[in-house]
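Peer 1:
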Amino acid sequence: MAARGNYARMDLNGSTSNHSSIEGEGASSRSGSTGFRSADGQVGSAQASSPFSSTFVGPGVAAPAKGPKDPFGHIDDDAGDDWLHDVSTADKSSKEMSFRGVLNVGTLALIGGGLLMLFLGYPVLSVYMRDKAIVTSSQEVSSRTAYPAQLKRGLIDRDTPQDAMAHTGILDGKKWHLVFSDEFNEPGRTFWPGDDPYWEAFNGWYSGTMDYEWYDPEALNTTDGHLQIAFEERATNGLNFRSGMLQSWNKVCFQGGYLEISAILPGYHNVAGFWPGLWTMGNLGRPGYSGTNEGMWPYSYSSCDTGMLPNQTFINGTGPPKAVRANGQFSYQVDYALSWLPGMRLPACTCPGSDHPGPNRFTGRSAPEIDLLEAKIGPRGGQSSQSLQMAPFDIDYYYGNSTARGEVAIHDPATTEINDYHGNELQMAVSGLSDVPAHAYDKEPGSRFTTFGLEWEPDWDGSGEGAYVTWYIDGKAMWSVYSEALGPVPELDIGRRLIPREPMSLIMNLAMAYNFQPPNWAELEFPGIMKIDYVRVYQIDGRPDKVSCDPPDMPTKKYIENHADLYDDNTIQRFPKDRWPRNELQGC
99 MAARGNYARM DLNGSTSNHS SIEGEGASSR SGSTGFRSAD GQVGSAQASS
149 PFSSTFVGPG VAAPAKGPKD PFGHIDDDAG DDWLHDVSTA DKSSKEMSFR
199 GVLNVGTLAL IGGGLLMLFL GYPVLSVYMR DKAIVTSSQE VSSRTAYPAQ
249 LKRGLIDRDT PQDAMAHTGI LDGKKWHLVF SDEFNEPGRT FWPGDDPYWE
299 AFNGWYSGTM DYEWYDPEAL NTTDGHLQIA FEERATNGLN FRSGMLQSWN
349 KVCFQGGYLE ISAILPGYHN VAGFWPGLWT MGNLGRPGYS GTNEGMWPYS
399 YSSCDTGMLP NQTFINGTGP PKAVRANGQF SYQVDYALSW LPGMRLPACT
449 CPGSDHPGPN RFTGRSAPEI DLLEAKIGPR GGQSSQSLQM APFDIDYYYG
499 NSTARGEVAI HDPATTEIND YHGNELQMAV SGLSDVPAHA YDKEPGSRFT
549 TFGLEWEPDW DGSGEGAYVT WYIDGKAMWS VYSEALGPVP ELDIGRRLIP
599 REPMSLIMNL AMAYNFQPPN WAELEFPGIM KIDYVRVYQI DGRPDKVSCD
649 PPDMPTKKYI ENHADLYDDN TIQRFPKDRW PRNELQGC
């Protein structure tokens with residue numbers, strides 16, 4: 099599950115041909131030739147403005163003269179009964195203003211200032227406050243509206259119980275503290291743009307995975323102390339189903355931590371069809387906005403070599419041999435090419451002066467993905483695909499998965515195994531499959547909330563030291579992948595792939611797609627409801643909290659603003675080629 103788009107494959111002679119592609123699937127899915135109906139409705143958004151006008155009202159005073167000697171009231175005439183205009187009696191000396199005069203002038207100034215504030219200042223201030231980001235104790239959260247009083251809260255939900263304020267590492271006993279939580283206890287929350295400080299619902303069709311459903315903000319709400327996402331058999335914008343996707347994109351993000359989500363999954367543990375997803379993605383990519391993700395997803399890389407080039411081949415297309423002629427599980431479907439990715443848009447050697455988000459042009463930037471849960475039905479019942487989506491790719495997508503060499507660890511062999519799906523021409527899936535307990539499904543007897551956890555330590559300096567990802571279910575560690583699994587591959591002229599250090603946003607959605615798993619139409623029951631009891635994120639004690647979507651070491655704000663058309667319009671499928679920055683390997 100991830101960003102999507104259409105990629106151009108770089109042929110060996112240097113020409114390009116377009117390929118409609120799936121930009122990210124569950125680790126157990128692959129691209130297929132199944133037909134689908136596209137959405138014929140258009141999605142638009144309107145930004146309401148609040149125009150205002152100001153009016154200055156001031157009374158005028160006229161003092162008529164009584165019986166002037168001259169019909170025109172000439173100023174040289176001496177009007178005995180008009181002391182105001184009797185110049186002969188004018189006092190040539192100056193006097194201090196009386197207290198009463200000061201009071202009168204002050205009162206008039208106060209009234210005038212109040213009128214100005216009422217008719218001019220207040221509307222300006224209202225617009226400013228509406229557009230101003232809501233500032234919390236830890237981070238500035240983007241907003242375009244004023245939120246209801248109950249949502250003007252910090253990163254930690256006031257309803258989070260005291261015993262959830264800290265977490266002890268399950269494998270190593272390390273101490274962690276809470277940096278973000280949402281308990282979803284407030285009833286009636288909605289997630290249209292501007293409704294919520296931390297979440298926004300996607301409105302559109304997720305074309306990259308050819309989903310059956312249209313994502314509609316109306317499919318999400320908070321009821322009975324839970325977030326509920328409903329997958330309904332309801333015709334919407336040319337599709338037969340409606341469901342929901344909730345994102346924290348550009349509102350709250352994390353660089354490393356322990357993420358725990360308590361959820362009940364829809365349906366039965368042995369009926370295929372629903373595709374619940376709990377996942378994270380780098381903030382430079384916006385899920386569902388394909389134009390933002392081209393050349394970004396699923397890279398996690400900061401080397402200047404063949405790994406960042408189109409199709410993962412040399413400039414002239416003659417090699418490396420293992421990239422030109424791959425032997426992956428599905429390579430026969432794509433002329434045995436290893437990669438159809440368009441190359442990395444923001445590599446570690448972007449040309450000087452080029453469009454790059456920083457912190458400098460020698461830092462590779464991208465939109466990686468880590469999947470906490472992608473639920474499917476396996477031979478023993480429900481399974482969770484727990485994956486780190488990755489590019490560039492290993493030979494035939496076989497990353498290092500040896501427990502003996504310390505590349506991976508299977509913590510619960512009775513319930514977890516390495517996924518036999520390793521990827522395709524668009525993604526390498528560093529993935530494990532773990533059994534999901536039957537009680538995690540809402541149609542099963544004894545159904546209850548089950549926790550799904552993800553712990554990751556980023557590869558901060560690119561050395562790989564101490565970097566890892568570990569997945570959990572119901573408080574038990576399932577499996578881990580370490581940086582050793584993603585080391586350099588000289589045969590492909592690629593360097594180390596990185597455990598993501600980008601600021602990662604959170605996504606929760608309920609989908610259905612043939613390419614992930616063919617639905618069992620005969621036994622599926624609608625609506626399917628996924629419930630979320632809480633989302634909590636912890637980070638290690640003794641370190642600065644890293645909860646910003648625009649951190650100094652991995653900034654995103656200015657880049658997003660400079661490409662607002664792509665981040666605001668999900669109908670744009672491709673990043674404009676005339677804006678694609680050049681790199682040193684291609685020539686500056």
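The opening residue of the sequence shown carries number 99 in this note's numbering; numbering runs sequentially from there.
Even for Gly, the Cβ is constructed at its ideal location relative to N, Cα and C.
1. Would you tell me roughly how many angstroms separate the C-alpha atoms of residue 594 and residue 492, rounded to the nearest one?
2. Specify whether the region 413-420 and the region 495-515 touch according to this definition: at least 3 beta carbon pairs, one from each stretch, less than 8 Å apart.
3. Leaving out the 5 sequence neighbours to the left and right, which residues in its chain are closer than 7 Å to residue 233 when beta-carbon positions are compared?
4. How many Å lie between residue 355 and residue 635 at the Cα?
5. Quick one: what does DSSP say residue 494 is sitting in, helix, strand or coil?
6. Just to confirm my understanding: we take residue 343, look at its own chain, exclude 5 residues before and 5 after, and list those with CB closer than 6 Å. What are they?
7. Got a sec? Which residues, its chain only, sit under 8 Å from residue 610 by beta carbon, not counting five neighbours each side?
8. Let me know the secondary structure DSSP gives residue 294 once reduced to three states.
9. Could you check if residue 652 is buried or exposed, using at least 16 other CB atoms within 10 Å of its CB as the buried criterion?
10. Please report the distance separating the alpha-carbon of residue 683 from that of residue 404.
11. Identify, in the order they occur along the chain, each residue of the same chain with its Cβ nearer than 8 Å to the Cβ of residue 545, setting aside the five sequence neighbours on each side.
12. Considering Cα atoms alone, identify which of 290, 273, 295 and 396 is closest to residue 279.
13. Roughly how many whole angstroms lie between the Cα atoms of residue 559 and residue 566?
14. Using C-beta distances below 6 Å, list every residue in its chain close to residue 453, excluding the 5 sequence neighbours before and after it, in chain order.
15. Can you look up residue 406 in the DSSP assignment and give me helix, strand or coil?
16. Are three or more beta carbon pairs between the region 281-295 and the region 248-262 nearer than 8 Å?
17. Around the C-beta of residue 674, are 16 or more other C-beta atoms found within 10 angstroms, so that it is buried, or is it exposed?
18. Considering only their Cβ atoms, is the gap separating residue 485 from residue 529 smaller than 8 Å?
19. Report all residues from its chain with a CB closer than 8 Å to the CB of residue 520; omit the five preceding and five following residues, and keep chain order.
20. Would you check if the region 627-634 and the region 572-582 touch, i.e. whether three or more CB-CB distances between them fall below 8 Å?
21. On the DSSP letters alone, give me the boundaries of the beta strand (DSSP E) that residue 388 sits inside.
22. If you draw a straight line from the alpha carbon of residue 263 to that of residue 269, how long is it in whole angstroms?
23. Check this for me: beta carbons of residue 297 and residue 346, under 8 Å apart or not?
24. Report back the beta-carbon spacing between residue 378 and residue 602 to the nearest angstrom; my notes put them in contact at under 8 Å.
25. Between the Cα of residue 585 and those of 561, 605 and 320, spot the shortest distance and give me the residue it belongs to.
26. The beta strand (DSSP E) with residue 612 in it runs from where to where?
27. Which residues in the same chain have their Cβ closer than 6 Å to the Cβ of residue 447, if we skip the five residues on either side of it in sequence?
28. Please work out which residues of its chain come closer than 6 Å, Cβ to Cβ, to residue 332, disregarding the five sequence neighbours upstream and downstream, and give them in chain order.
29. For residue 238 and residue 655, I'd like the C-alpha separation in whole angstroms.
30. Less than 8 Å between the C-beta atoms of residue 523 and residue 587, yes or no?
31. Using a Cβ-Cβ cutoff of less than 6 Å, which residues in the same chain neighbour residue 640 once the five nearest sequence positions on both sides are dropped?
32. How long is the line joining the alpha carbons of residue 352 and residue 534, rounded to whole angstroms?
33. Once you ignore the five residues that flank residue 449 on each side, which residues in its own chain have a CB closer than 7 Å to its CB?
34. With a threshold of 7 Å on Cβ separation, who are the neighbours of residue 226 within its own chain once the five nearest residues in sequence on each side are excluded?
35. Looking at the structure shown, is residue 275 part of a helix, part of a strand, or coil, going by DSSP?
36. Can you tell me where the alpha helix (DSSP H) holding residue 422 begins and where it ends?
Peer 2: So, from the listed chains and residues:
1. Against the sequence shown, residue 594 aligns to sequence position 496. Against the sequence shown, residue 492 aligns to sequence position 394. Computed Cα separation, rounded: 10 Å.
2. Too few Cβ pairs lie closer than 8 Å, so no.
3. What you label residue 233 is simply residue 135 of the sequence shown in a count that begins at 1. With a pLDDT of only 34 at residue 233, under the threshold of 50, the placement of this residue in the model should not be trusted; the figure read from the coordinates follows. No residues qualify anywhere along the chain.
4. For this step, residue 355 is matched to residue 257 along the sequence shown. For this step, residue 635 is matched to residue 537 along the sequence shown. Between residue 355 and residue 635, the C-alpha separation is close to 7 Å.
5. Mapped onto the sequence shown, residue 494 falls at position 396. Note: residue 494 maps to helix in three-state DSSP.
6. Within the sequence shown, residue 343 is the residue found at index 245, counting from 1. Here the set comprises 300, 313 and 607.
7. Stepping through the sequence shown from its first residue, residue 610 is reached at position 512. Only residues of its own chain outside the window of five on either side were considered, and among them 309, 310, 311, 329, 339, 341, 371, 372, 373 and 617 have a CB closer than 8 Å to the CB of residue 610, listed in chain order.
8. Residue numbering aside, residue 294 sits at position 196 when the sequence shown is read from its first letter. DSSP places residue 294 in coil when its eight states are reduced to three.
9. The residue labelled residue 652 in the question sits at position 554 within the sequence shown. Residue 652 should be labelled buried.
10. Here residue 683 is taken as the residue at index 585 of the sequence shown, counted from 1. Here residue 404 is taken as the residue at index 306 of the sequence shown, counted from 1. Roughly 9 Å separates the two Cα atoms.
11. Taking the first residue of the sequence shown as position 1, residue 545 is located at position 447. Within the same chain, residue 545 has close Cβ partners 362, 537, 538 and 539.
12. Translated into the one-based positions of the sequence shown, residue 279 becomes position 181. Taking residue 279 as reference, the option from 290, 273, 295 and 396 with the minimal CA-CA separation is 295.
13. On the sequence shown, residue 559 is found 461 positions in, with the first residue counted as 1. On the sequence shown, residue 566 is found 468 positions in, with the first residue counted as 1. The straight-line gap from Cα to Cα measures roughly 14 Å.
14. Taking the sequence shown and counting its residues from 1, one reaches residue 453 at position 355. For residue 453, where only same-chain residues beyond five positions count, the Cβ hits under 6 Å are 679.
15. By 1-based counting over the sequence shown, the position of residue 406 is 308. Residue 406: helix per DSSP, three-state reduction.
16. yes
17. In the sequence shown, residue 674 corresponds to position 576, counting from 1. Per the 10 Å Cβ criterion, exposed.
18. What you label residue 529 is simply residue 431 of the sequence shown in a count that begins at 1. What you label residue 485 is simply residue 387 of the sequence shown in a count that begins at 1. Their beta carbons are under 8 Å apart, which means residue 529 touches residue 485 by this criterion.
19. Indexing the sequence shown from 1 puts residue 520 at position 422. Cβ within range, chain order: 426, 427, 494, 495, 496, 497, 526, 527 and 529.
20. no
21. To locate residue 388, count along the sequence shown from 1; it is residue 290. Where residue 388 is concerned, there is no enclosing beta strand (DSSP E), although the alpha helix (DSSP H) it sits in stretches over 388-391.
22. As a first step, residue 263 is located in the sequence shown; it is residue number 165 there, counting from the start. As a first step, residue 269 is located in the sequence shown; it is residue number 171 there, counting from the start. Residue 263 and residue 269: Cα-Cα distance of roughly 19 Å.
23. What you label residue 297 is simply residue 199 of the sequence shown in a count that begins at 1. What you label residue 346 is simply residue 248 of the sequence shown in a count that begins at 1. Result yes, Cβ atoms of residue 297 and residue 346 sit closer than 8 Å.
24. Residue mapping note: residue 378 aligns to position 280 of the sequence shown, counting from 1. Residue mapping note: residue 602 aligns to position 504 of the sequence shown, counting from 1. Right, their Cβ atoms sit about 4 Å apart.
25. To locate residue 585, count along the sequence shown from 1; it is residue 487. Minimum Cα distance to residue 585 is reached at 561.
26. As a working note, residue 612 is residue 514 in the sequence shown. Element bounds for residue 612: n/a, residue is neither H nor E.
27. Here residue 447 is taken as the residue at index 349 of the sequence shown, counted from 1. Excluding sequence neighbours, residue 447 sits near 402, 681 and 682.
28. For this step, residue 332 is matched to residue 234 along the sequence shown. Same-chain partners within the cutoff: 340.
29. For the purposes of this step, residue 238 is taken as the residue at position 140 of the sequence shown. For the purposes of this step, residue 655 is taken as the residue at position 557 of the sequence shown. Confidence in residue 238 is poor, its pLDDT being 40 and thus under 50, which makes the residue's placement too unreliable to answer from.
30. Counting from 1 along the sequence shown, the entry for residue 523 is found at position 425. Counting from 1 along the sequence shown, the entry for residue 587 is found at position 489. For residue 523 and residue 587, no; Cβs fall outside 8 Å.
31. Along the sequence shown, read from residue 1 onward, the residue named residue 640 stands at position 542. Hits under 6 Å: none found.
32. Within the sequence shown, numbered from 1, the residue matching residue 352 stands at position 254. Within the sequence shown, numbered from 1, the residue matching residue 534 stands at position 436. Take the alpha-carbon of residue 352 and the one of residue 534: they are about 26 Å apart.
33. As a first step, residue 449 is located in the sequence shown; it is residue number 351 there, counting from the start. Closer than 7 Å at Cβ, skipping near neighbours: 679, 680, 681, 682 and 686.
34. Indexing the sequence shown from 1 puts residue 226 at position 128. Caution applies to residue 226, whose pLDDT of 42 falls short of 50 and renders its modelled position unreliable; the value that the coordinates give is listed next. Answer for residue 226: no residue qualifies.
35. Working through the sequence shown from its first residue, we reach residue 275 at position 177. Three-state result, residue 275: strand.
36. Walking along the sequence shown from the start, residue 422 turns up at place 324. Per DSSP, the continuous alpha helix (DSSP H) segment holding residue 422 begins and ends at 419-422.
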